[in-house]
Structures are given as C-alpha cells and as structure tokens.
Amino acid sequence: MADLILLGITEPKSPDDKVWKIPYALPIIVRQLQKTSHSFEVLDTHLHKLSFPELMARALEKKRQVYGISAWSHNYLQVKELAARIRAAHPEAVIIVGGILSGNDEAVLKTTEVDIVSTGAEGEHILPELLDCVDRGLQGLEGVDGISYRGPDGAVLRTKKRRLMSREDFQKQEFPAYEYFDEQMHEIAANLKTRHDVPIQAFPLLTMRGCPFRCTFCGHMYGHRILRKNWDLFFDEVLFLVERYGYTGFFSNDTNMFLNEKDAHDYCAEYTRRGATFHIVAELRLTFGDEALFRKLSDHGVKIVNYGLESGSQDILNRMQKGTEMDTCRRIIKETLDADVMIHGNFIFGIPGENKRTITQTRDFMFWLERLYAGQRRRYKAQGRMNTSGYGWTVLLLSPTSALYREALEEGLITDEAAYLASLCDDRFMQLAKGSTFKISLAQEAGNINMSEFSSRTALANYVKFSMHWVAFLARFLETGRWLGQPLATLKIGWLALKHYGLYLQTALSDALAGRKGYVPRDKRPGAKTLKEFSCCAK
Ligand code: B12
Ligand code: SF4
Numbered sequence: 004m005a006d007l008i009l010l011g012i013t014e015p016k017s018p019d020d021k022v023w024k025i026p027y028a029l030p031i032i033v034r035q036l037q038k039t040s041h042s043f044e045v046l047d048t049h050l051h052k053l054s055f056p057e058l059m060a061r062a063l064e065k066k067r068q069v070y071g072i073s074a075w076s077h078n079y080l081q082v083k084e085l086a087a088r089i090r091a092a093h094p095e096a097v098i099i100v101g102g103i104l105s106g107n108d109e110a111v112l113k114t115t116e117v118d119i120v121s122t123g124a125e126g127e128h129i130l131p132e133l134l135d136c137v138d139r140g141l142q143g144l145e146g147v148d149g150i151s152y153r154g155p156d157g158a159v160l161r162t163k164k165r166r167l168m169s170r171e172d173f174q175k176q177e178f179p180a181y182e183y184f185d186e187q188m189h190e191i192a193a194n195l196k197t198r199h200d201v202p203i204q205a206f207p208l209l210t211m212r213g214c215p216f217r218c219t220f221c222g223h224m225y226g227h228r229i230l231r232k233n234w235d236l237f238f239d240e241v242l243f244l245v246e247r248y249g250y251t252g253f254f255s256n257d258t259n260m261f262l263n264e265k266d267a268h269d270y271c272a273e274y275t276r277r278g279a280t281f282h283i284v285a286e287l288r289l290t291f292g293d294e295a296l297f298r299k300l301s302d303h304g305v306k307i308v309n310y311g312l313e314s315g316s317q318d319i320l321n322r323m324q325k326g327t328e329m330d331t332c333r334r335i336i337k338e339t340l341d342a343d344v345m346i347h348g349n350f351i352f353g354i355p356g357e358n359k360r361t362i363t364q365t366r367d368f369m370f371w372l373e374r375l376y377a378g379q380r381r382r383y384k385a386q387g388r389m390n391t392s393g394y395g396w397t398v399l400l401l402s403p404t405s406a407l408y409r410e411a412l413e414e415g416l417i418t419d420e421a422a423y424l425a426s427l428c429d430d431r432f433m434q435l436a437k438g439s440t441f442k443i444s445l446a447q448e449a450g451n452i453n454m455s456e457f458s459s460r461t462a463l464a465n466y467v468k469f470s471m472h473w474v475a476f477l478a479r480f481l482e483t484g485r486w487l488g489q490p491l492a493t494l495k496i497g498w499l500a501l502k503h504y505g506l507y508l509q510t511a512l513s514d515a516l517a518g519r520k521g522y523v524p525r526d527k528r529p530g531a532k533t534l535k536e537f538s539c540c541a542k
C-alpha cells in the first residue's frame, strides 16, 4: 500500500482568504483513489487557503512515499522548487507531476527533481497504476501507458500513448468526489450567497472533458476529442449539488455546453422534466441559435452566455481556425441580446497575422458590441435588473498541445522550453487582472514570444491596451449617465488610451532602431494565401 500526498497548486489561495472554486483535477482523481487500497491526503493552495510557502512547509512535515503535484504551465518554477525541497528532505520519495504542465514533460524531467510525469489526459486512471508500481519498488513503469520518466541513464523515456475513455465508459464515471471536500463545498455555497454584485451566484461547474474544435491557440490534453455526459446524467450531478450544498446557480466551464440547436432543445426538455430552477452561465460557440432559441434557453435558466469572440477580423478568425463567420457572429449576438440574455466573451490578440488593420477591425466590432450592450443595459435598468454583459481580453499565451505552440517550437521562436515556462511564472502575473474577480493577469501580461506582425510583444501589448481603453472611452458616451456620473473615471480611461498609444509609438521606434521585426510566417493552412497576398487585397 503506497502512501501519497496529492498537492494542488493550480488555483492560488484567494486574496480574500475564501474558497470560491474547486480545482476539478482533485475530486476526479480522489474518486478513483478511493477505490484503491493506497492511502492518500490532499493539500491544495486554494481549497486549504495556503500560500505556496505554507503548502510546501505542510507537505514536508511528514515523510511520504509519493508526492503527486497537479500543475499548469505557469506553475513550473513552483514545481521545480517544491520538487527540490521534497528531494532534499526525503531523498527516497517518488515525485509525480500531472496537469497541463505535463505537455512539457521533457523540460520538467530534465530540469527538475520530478521523477515521473503523467502525460495522459486522464490522470485519475494513471495515478493508481503508478501507485501500484511504487508498491512493487517502481517495477513495471514501462507498462503504464501515458507517462514519461527518467531512465537509469537520465534519458527521458515515454511509454505508449494512453487510450482515452470511451464515450460509454465516460457515461459510467461517478461524480467527482465532491463529498471529500464537503467543508469547502459548503463554504463556497456560503460565500456565493454574499455576492450581491452578480446576477447569478454561480458555482464553477465542469462536467465535460475536451473539445472537438481546433482553434490554433488553444491547448488541452484531450486532443480534438470530447467526452460529455448525457443530459439526464448531467442533471443528476447538478441537482445533487443543488440538494447537498444549496447552490442556486452555476458557471459552466464546459468548453461547449451545447453543440447544436437540438442539443439545446434536449437540455430544455430535461430541465423541465426534472423541475429544475437553477440559473446557469453557458459557454457557447457563435455558430447557431436565434432569438427564439435564446428566449427558450433563458426560460430554462440560461441567463448568461459566454462566447469565444476572439477577434473582429474575419482574416484572424480564419487564421485561428475558429470556424466562425463575422456575419453570423453579429446576427447571433444581436439575437441573444434581443432575447434578454446577457453576454460575456473574450478577445484574444496576437496570433499570426495580427496587425494594426486586424486590431482596428476588432475595435470596430467591439464598439458595435458596446452599442448593443448599452441598449440592453437601458432595458434592464428600466426593469430594475442587474446587467453584466461585457467582454475581456487576453494576449496569446502559448500553451502546449496547441498548434501555435508547436509552430513556435518548429520556427525556433521557443528554443528553450524551460526558459519559456519560467517566463510565465512571475508573481506579478498571478495577481487578479484589473476589474476581474477571477481572471489573473497572466494571459494579458506574461510571455515573451511574439507571433503577431507587430515588431515585438511589447509593441503589440501597448497597441492592444490603447485599443481597449479607446473603445472603453468612446463607449462611455453611448450612455449619458455613465460619463456624466463619472467624469473623472472617463477622463482617466481616455488618458490611459493616449498613454498606451504613446508607449506603442515609442516601442515601435525602438524596435525599428534595433531591427526587430514581427513574425510573418507562412499561413500553414492548406491552399492558404501568403500573408503578403492577404494584406495587399484585404483593404
Ligand atoms: C475550468 C478552467 C478554468 C477555470 C477554473 C475554475 C475552477 N477550477 O473552478 C477558471 C475560469 C478559473 C480558469 C482560469 C484560468 N485558466 Co483555465 N481552464 C479551465 C479549463 C476549461 C478546464 C480545467 C479543468 O478543470 N479541467 C478538468 C480537469 C479534470 O483536467 P486537468 O486539470 O487537466 O486534470 C486531469 C489531468 O491533467 C490529470 N492530472 C491533473 N493533476 C494531476 C496530478 C497528478 C499527480 C496526476 C498523476 C495527474 C494529474 O488528471 C486530471 C483528471 O483527469 C481548461 C481547458 C481544458 N479544457 O482543460 C483551462 C486551462 C487550464 N486554463 C488556462 C488558463 C491559461 C487559465 C488562466 C491563466 C486564464 C487567465 N488569464 O486568467 C486562469 C488561471 C487561473 C489560475 N489557476 O490561477 C489554460 C492553461 C494553459 C497552460 N498551459 O497552463 C487552459 C488549458 C485553457 C487553454 N487551452 O488555454 N480556468
Ligand atoms: S477555444 Fe474553445 S472551441 Fe476552440 S478549441 Fe479551445 S475550447 Fe474548443
């Protein structure tokens, strides 16, 4: 029987010392560990309100046979430090890492004290097999599919790719072990009830794995597969959460809650059949839906939809293989808002082909969106209802398994993966982004790789910040009360727009003097035009 401590560091301790979310890897893994004879304990920065140094100290208090760490890319330096401390304190311990950081297995194994990286998407099945190997004195690692480890001569060895669960097997998966985290789940429920600044007091929910689409900037461990529960099983889980913890709302982190119209109608039918009353934020793609469907969804609890807006430029949408058309996007967005459903969304800047022209198109689109949002806000205000329609933005953060990460390696933009990972790990990037209660500034500020046509990542970032402030400044004049009520805030936003434009000019000049140029690669889609052809004819 192996003795494991599972350490979660993906979600940091909340600055307000409260628990708000559950890192899903943990309850999913715990559910399977419970079926084994191995003993285990879980320690997590967010769930147990521990700073990273506190977590390290607690983890080292007692000698364990196995230390399992769950980590994302920007946790690389933490993993390195934690593994070094574990090795120094308990030299015999086996150190295993899983989570999306495993996309950089070679860098992790070559530059840290980690012994084994779990590279398969379903660590809940890999970890028990690894613990069995530990029981046998680490015999049989080569038979565990979906791992990398250091061989006796220090070389990185990879086992066979792990087969993913079948759709049928996924239907049979039990709920994540929510009850193991009962105390935290109840605390989240109590904390959510204090949020009177949000239209839905939403528990972050995840029931699905993977995504079938192929956006080039997006990396996750399932490749292009998707595993999702049938609606009756989905409702079993959600209604269990409602009953046990008293949640009234959910924020679905499932990458595409409905895949098509029929799927949405089936959801509504089940919602009615089960007598559900909860409200939910749903992530959707801008490829289907009309006003009638959104009204129906709203009547069935879907009060906010979260769209991957990404860009206002069709060229960029094509380049990122988003599979959406600007005309359709505009129609669906308008009909969503007409149906009184609120919209959240995100823009991503800096993918190959991004330049001033494409960002100007995105700015125009944002301003169009702002006009519609202003109209919806007025309608809500007249009815005394809270409205939070809006959008956020990020700059491309290269992430393993994504097509662009691979391209960056192939084109020599990333030559040292460990150094790249380290560049994401600054404490500054872990702070909440301005105006956000959930998003950290990582994907706005971190990284040093430029894949846009701007002369550098700094030039791109300054131009993006100018654009975002400029749109926000103009948007305030769409609603009289907004700029009149807050003239100083409005002026400050205008000033920030000017400041970042100035900074952009300054960076562009110094880049030009230093001979720095943007990234103008081949467009790698089959039959695609070169970028030169694009910019000459796309006026
Ligand atoms: C939900 C989600 C969020 C939610 C989390 C909400 C919550 N926890 O309640 C929110 C919105 C808060 C969020 C925020 C961010 N996210 Co996010 N998020 C996701 C998402 C959609 C799902 C993550 C998840 O829970 N997956 C399900 C679990 C079960 O999978 P898993 O974590 O991979 O764990 C499995 C295996 O990896 C393995 N495993 C995991 N740990 C361990 C440990 C051991 C020992 C072993 C053996 C195995 C193992 O087994 C697990 C079970 O199968 C992913 C995309 C995706 N589809 O995966 C992005 C993703 C993880 N997020 C990402 C990013 C960039 C962010 C942000 C930085 C965005 C921002 N600008 O703020 C922040 C970071 C927040 C933070 N941690 O500080 C990136 C990470 C990129 C990277 N390379 O690290 C992803 C991959 C999205 C993407 N494609 O770009 N996110
Ligand atoms: S961005 Fe969304 S739709 Fe595109 S691949 Fe990622 S999860 Fe899927």
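Here this note's numbering runs 3 ahead of the position in the sequence shown, where the first position is 1. For glycine and all other residues, C-beta sits at the position ideal for the given N, C-alpha and C.
Check, Outcome
"Which residue marks the beginning of the beta strand (DSSP E) containing Ala205, and which one marks its end?", "Ala205 to Leu208"
"Can you grab the Cα-Cα spacing for the pair Leu477 / Ser392, in whole Å?", "17 Å"
"Identify whether Asp135 lies in helix, strand or coil by the three-state DSSP scheme.", "helix"
"Grab me the residues of Val117's own chain with a C-beta within less than 8 Å of its C-beta, minus the 5 sequence neighbours each way, in chain order.", "Ile72, Val82, Ala86, Ile98, Ile99, Val100 and Val111"
"What does a CB cutoff of less than 8 Å around Leu554 pick up in its chain, not counting 5 residues either side in sequence?", "With the chain represented from 4 up to 542, any question about residue 554 goes unanswered, as that position is not in the structure."
"Is the closest heavy atom of the ligand SF4 to the C-beta of Gly154 under 6 Å?", "no"
"Residues in its own chain within less than 6 Å of Leu244 by CB, not counting five upstream and five downstream?", "Tyr250"
"Is Ser314 near the ligand B12, going by C-beta to nearest heavy atom under 6 Å?", "no"
"Taking the DSSP output, what are the residues bridged to Asn349?", "Gly395"
"Please give me, in chain order, every unbroken run of the alpha helix (DSSP H) with length at least 4 that falls completely inside the region 431-506.", "445-448, 460-479 and 483-488"
"Taking Lys306 as part of the beta strand (DSSP E), name the residues at either end of that continuous run.", "Val305 to Glu313"
"Going by C-alpha distance, which of Ala96, Glu64, Leu104 and Lys21 is nearest Glu420?", "Leu104"
"Is His268 near Lys306, with beta carbons less than 7 Å apart?", "no"
"Skipping 5 residues on each side, what residues in its chain have a beta carbon closer than 6 Å to that of Leu463?", "Gly353, Ser455 and Phe457"
"Would Leu209 pass as a contact of Tyr27 if the rule is Cβ separation under 7 Å?", "yes"
"Taking the straight line between their C-alpha atoms, what separation do you get for Met4 and Val474?", "60 Å"
"Nearest to Phe368 by CA position, among Arg382, Gly387, Thr39 and Gly348, is which residue?", "Gly348"
"Just to confirm the assignment: which complete alpha helix (DSSP H) runs, minimum length 4, are found wholly within the region 98-178?", "108-114, 126-138 and 170-175"
"Looking only at its own chain, which residues have a Cβ that is under 6 Å from the Cβ of Gly497, when we skip the five neighbours before and after it?", "Phe476"
"Does DSSP classify Val523 as helix, strand or coil?", "coil"
"Determine the contact status of Leu10 and Leu36, defining contact as a CB-CB distance below 7 Å.", "no"
"Does DSSP classify Ala62 as helix, strand or coil?", "helix"
"Looking at Thr258 and the ligand SF4, is the gap between the Cβ and the nearest heavy atom below 6 Å?", "yes"
"Tell me the DSSP secondary structure of Ser76 in three-state form.", "helix"
"Answer with buried or exposed for Leu141, where buried requires no fewer than 16 other C-beta atoms within 10 angstroms of its C-beta.", "exposed"
"Which same chain residues end up closer than 8 Å to Val467 when comparing Cβ atoms and leaving out the 5 residues on each side of it in sequence?", "Phe352, Gly353, Ile362, Trp396 and Val398"
"Expressed to the nearest angstrom, what Euclidean distance is found between the alpha-carbon atoms of Ala425 and Trp75?", "12 Å"
"Where does Tyr274 fall in DSSP's three states?", "helix"
"Leaving aside the five residues before and after Gly378 along the sequence, list all residues of the same chain whose C-beta is less than 8 Å from its C-beta, in chain order.", "Leu340"
"Compute every distance between the C-beta of Gly126 and the non-hydrogen atoms of the ligand SF4, then say whether any falls below 6 Å.", "no"
"Is the region 319-328 touching the region 212-225, taking contact as three or more C-beta pairs under 8 Å?", "yes"
"Any chance the region 53-60 sits against the region 144-154, with 3 or more Cβ pairs inside 8 Å?", "no"
"If you reduce the DSSP assignment to three classes, tell me which class Ala180 lands in.", "coil"
"For Ala192, which residues from the same chain have a beta carbon less than 7 Å from its beta carbon, with the 5 sequence-adjacent residues on both sides left out?", "Tyr248, Gly249 and Tyr250"
"Rounding to the nearest angstrom, what Cα-Cα distance links Leu506 and Gly450 in this structure?", "19 Å"
"Quick check on His199: buried or exposed, where buried means 16 or more other Cβ atoms within 10 Å of its Cβ?", "exposed"
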